[in-house]
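Engineer: Using this note's numbering, the letters of the sequence shown map in sequence onto residues 2 to 112.
Built from N, CA and C at the ideal position, the CB exists for glycine as well.
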Amino acid sequence: MIYILPLSGGMPSKITPLSPSYLHGWSPDGKTLAYCAMRSGDKGDIYTIPVEGGEETRLTFTDGLSDGPEYSSDGKHIWYNSVKSGLMQIWRMDSDGSNQQQITQDERNNW
């Protein structure tokens, strides 16, 4: 699970309802968290969740691992790693999960 802790201290707040949830990236406006999670037997996909609470949304549906999500500086895209094409490559999608595009296309794993 992912928690946040106020800089001033105090009690942590649970953000993600289930475990495992890890390798997260914050949206530039600080309202949404993108992260990798394993749910219902998947091997690791990208999800988002509102920081203030709400339901998680699954953005990728991969037979293998997709992880390492990071928002673009304008918040329009999420960059991530995925083995969808056979090797770990760099991908980009719109922040709602649409328009998934493979960016690197070589014979090596890219992180």
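In this structure, does DSSP put residue 95 in helix, strand or coil?
Structural biologist: Looking at residue 95 - three-state DSSP - the assignment turns out to be strand.
Engineer: Which stretch, first to last residue, makes up the beta strand (DSSP E) that contains residue 41?
Structural biologist: Neither: residue 41 is in no beta strand (DSSP E) and is coded neither H nor E.
Engineer: With a 10 Å radius around its C-beta and 16 neighbouring C-beta atoms as the bar for buried, classify residue 42 as buried or exposed.
Structural biologist: Its Cβ having fewer than 16 others within 10 Å, residue 42 is exposed.
Engineer: Can you check whether the CB of residue 61 is closer than 8 Å to the CB of residue 67?
Structural biologist: Yes, the pair counts as a contact, with Cβ atoms nearer than the cut-off.
Engineer: Quick one: using the 10 Å Cβ neighbour count with 16 as the cut-off for buried, is residue 90 buried or exposed?
Structural biologist: It is buried - the Cβ of residue 90 has at least 16 other Cβ atoms within 10 Å.
Engineer: If distances are taken between C-alpha atoms only, which option among 101, 9, 19 comes closest to residue 56?
Structural biologist: Ranking the options by Cα distance to residue 56, first place goes to 19.
Engineer: DSSP has residue 10 in a bridge; who is on the other side?
Structural biologist: DSSP output for residue 10 lists no bridge partner at all.
Engineer: Evaluate residue 103 with the Cβ neighbour count: other Cβ atoms within 10 Å of its Cβ, from every protein chain shown; 16 or more gives buried, anything less gives exposed.
Structural biologist: Per the 10 Å Cβ criterion, exposed.
Engineer: CA-CA distance, residue 37 and residue 50?
Structural biologist: Approximately 11 Å between the Cα atoms of the pair.
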